[in-house]
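Under this note's numbering, think of the first position of the sequence shown as 18, with each following residue one higher.
Before any comments, here is the structure.
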Amino acid sequence: MAADQQNSGATGALLVRVAGLCKSYEQKRWLSHEKFRVAALDGVDLSIARGTTLALVGESGSGKSTLARCLVRLEAPTAGEIWYDGRDLLGLSQIELRAARREIQLIFQDPAAALNPRLTAEEIVAEPLLIAGALPKQERRERVLDLMEQVGLPGDAADRRPAEFSGGQRQRMAIARALTLEPKLLILDEALSALDLSIQAQMVNLLLDLQATRGLTYLFITHDLSLAGHVADCVAVIHRGQIVESGAPAQIFHRPHHPHTRALVAAMPFAPPLDPAGGQAVP
Numbered sequence: 018m019a020a021d022q023q024n025s026g027a028t029g030a031l032l033v034r035v036a037g038l039c040k041s042y043e044q045k046r047w048l049s050h051e052k053f054r055v056a057a058l059d060g061v062d063l064s065i066a067r068g069t070t071l072a073l074v075g076e077s078g079s080g081k082s083t084l085a086r087c088l089v090r091l092e093a094p095t096a097g098e099i100w101y102d103g104r105d106l107l108g109l110s111q112i113e114l115r116a117a118r119r120e121i122q123l124i125f126q127d128p129a130a131a132l133n134p135r136l137t138a139e140e141i142v143a144e145p146l147l148i149a150g151a152l153p154k155q156e157r158r159e160r161v162l163d164l165m166e167q168v169g170l171p172g173d174a175a176d177r178r179p180a181e182f183s184g185g186q187r188q189r190m191a192i193a194r195a196l197t198l199e200p201k202l203l204i205l206d207e208a209l210s211a212l213d214l215s216i217q218a219q220m221v222n223l224l225l226d227l228q229a230t231r232g233l234t235y236l237f238i239t240h241d242l243s244l245a246g247h248v249a250d251c252v253a254v255i256h257r258g259q260i261v262e263s264g265a266p267a268q269i270f271h272r273p274h275h276p277h278t279r280a281l282v283a284a285m286p287f288a289p290p291l292d293p294a295g296g297q298a299v300p
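Given below as structure tokens:
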């Protein structure tokens with residue numbers, strides 16, 4: 018079942034709707050001039066209701082990150098539609114696209130790659146506001162310090178540089194930076210996968226708290242089905258560029274239909290929670 022069918026009845030109106038999205042790349046055969054196309058996305062349909070979380074789960078090379086890049090227009094899809102907050106994202110002018118990108122923020126697996134090592138934490142978090150020319154200096158500083166506190170950075174963090182922080186703290190810094198322009202949608206592309214389990218748990222709690230207080234919508238991209246179950250209202254499984262199954266986490270864990278979904282469930286290192294409907298764990 019397509020992810021748009023599963024997630025359209027959630028708490029709010031749709032914020033994101035993707036229909037028939039395709040992305041292919043031209044490649045050349047080894048030791049040959051012959052060219053061929055490889056499909057990274059093949060007719061993807063999904064939707065995300067405002068204020069909810071859709072977890073997109075798949076192995077490496079399944080098309081997860083390609084979808085993320087298409088959603089923020091870092092790459093142009095080969096075919097299909099992307100609607101964001103009622104607007105055709107593929108039909109926006111450059112000026113309109115810049116405005117839309119303020120509302121859609123992408124957070125990657127490795128925050129260090131996105132954080133300038135020469136800047137202090139305060140300067141890093143403030144950078145999007147400076148680029149956008151938003152807020153007078155004092156108001157900008159107040160917002161930045163407030164965000165750093167909200168994401169749980171220590172009180173002395175403002176004047177420290179990225180190398181002085183742990184991996185989890187750097188990811189908190191990246192989240193604070195993403196929130197400065199008050200986005201509606203956060204796309205988290207394997208954002209927690211490099212962290213220890215205990216730090217992952219803290220970050221999940223942080224994301225849920227921010228969603229509750231700010232009304233954020235998340236596209237949570239991961240290869241970890243068990244992690245997806247802790248954050249998502251709906252889980253969509255992507256395999257070879259196609260959504261092969263979607264549904265509530267309990268349905269995916271306990272009544273998987275597609276062979277690839279069953280393989281992902283079987284590979285989970287911990288038993289999934291009991292099924293609320295039947296009280297049974299996956300055999």
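From the three backbone atoms N, C-alpha and C, an ideal C-beta is built for every residue, glycine too.
Quantities reported herein were computed from a predicted structural model and do not represent experimental measurements.
What is the DSSP secondary structure of residue i, reduced to helix, strand or coil?
i, result
"Ser340", "No information on residue 340 is available, as it lies outside the stretch 18 to 300 that the chain covers here."
"His2", "The structure shown does not extend to residue 2, since the chain is modelled only from 18 through 300, so no value can be given for it."
"Leu291", "Because the pLDDT of Leu291 is 43, which lies under 50, any placement of that residue in the model is unreliable, and the question is left without a value."
"His256", "strand"
"Phe182", "coil"
"Leu71", "strand"
"Met18", "Residue confidence for Met18 is low, a pLDDT of 49 falling below 50, so the modelled location carries little weight and cannot support an answer."
"Leu48", "coil"
"Asp176", "helix"
"Phe53", "strand"
"Gly108", "helix"
"Leu58", "strand"
"Arg115", "helix"
"Arg187", "helix"
"Leu136", "coil"
"Gly26", "Note on Gly26: pLDDT 45, under 50, position unreliable in the model; the coordinate value appears next. Looking at Gly26 - three-state DSSP - the assignment turns out to be coil, as it is neither helix nor strand."
"Ala211", "coil"
"Leu91", "coil"
"Pro286", "coil"
"Glu76", "coil"
"Ala151", "coil"
May I ask which residues mark the beginning and end of the alpha helix (DSSP H) holding residue i?
i, result
"His247", "Leu242 to Val248"
"Asp226", "Leu214 to Arg231"
"Asp163", "Lys154 to Gln167"
"Leu170", "Careful: Leu170 lies outside any alpha helix (DSSP H) and carries neither H nor E."
"Pro266", "Pro266 to His271"
So residue i packs on residue j, CB below 8 Å; how close in whole Å?
i, j, result
"Gly37", "Ala85", "With 8 Å as the limit, Gly37 and Ala85 do not qualify as a contact, their Cβ atoms being about 18 Å apart."
"Pro94", "Lys40", "5 Å"
"Pro276", "Gly246", "Contact doesn't hold; Cβ gap of about 20 Å is too wide."
"Ala191", "Gln126", "Ala191 to Gln126, Cβ: 10 Å. No contact."
"Thr70", "Tyr235", "4 Å"
"Gly165", "Ala193", "Looking at the sequence shown, residue 165 is not Gly but Met. Yes, they are in contact, since the Cβ atoms of Met165 and Ala193 sit about 5 Å apart, within 8 Å."
"Leu132", "Pro179", "4 Å"
"Val74", "Leu202", "18 Å between Cβ atoms; not a contact."
"Ile99", "Leu88", "6 Å"
"Thr239", "Glu262", "Thr239 to Glu262, Cβ: 15 Å. No contact."
Can you tell me where the beta strand (DSSP E) holding residue i begins and where it ends?
i, result
"Glu98", "Ala96 to Tyr101"
"Phe237", "Thr234 to Thr239"
"Leu198", "It is not in any beta strand (DSSP E) - Leu198 carries neither H nor E in the DSSP assignment."
"Gln122", "Ile121 to Ile124"
Name the DSSP beta bridge partners of residue i, please?
i, result
"Val33", "Ile65 and Tyr101"
"Cys39", "Asp59 and Ala96"
"Glu262", "Val254"
"Asp206", "Ile238"
So that I know if they touch, is there some Cβ in chain C lying closer than 8 Å to that of residue i?
i, result
"Leu91", "Chain labels in this structure do not include chain C; a single protein chain is all it has."
Indicate whether the contact test is met: 3 or more Cβ pairs, each with one atom in the region 267-278 and one in the region 98-113, closer than 8 Å.
No: the two stretches stay apart, fewer than three of their Cβ pairs being nearer than 8 Å.
Pairs of beta-carbons, one from the region 160-175 and one from the region 112-121, closer than 8 Å: are there three or more?
Counting C-beta pairs closer than 8 Å gives fewer than three between the region 160-175 and the region 112-121, which falls short of the contact rule.
The region 216-230 touching the region 51-64, judged by at least three CB pairs closer than 8 Å
Result no; under three Cβ-Cβ pairs closer than 8 Å.
Below 8 Å, can you find three or more Cβ-Cβ pairs linking the region 63-81 to the region 251-258?
With contact defined as three or more Cβ pairs closer than 8 Å, the region 63-81 and the region 251-258 are in contact.
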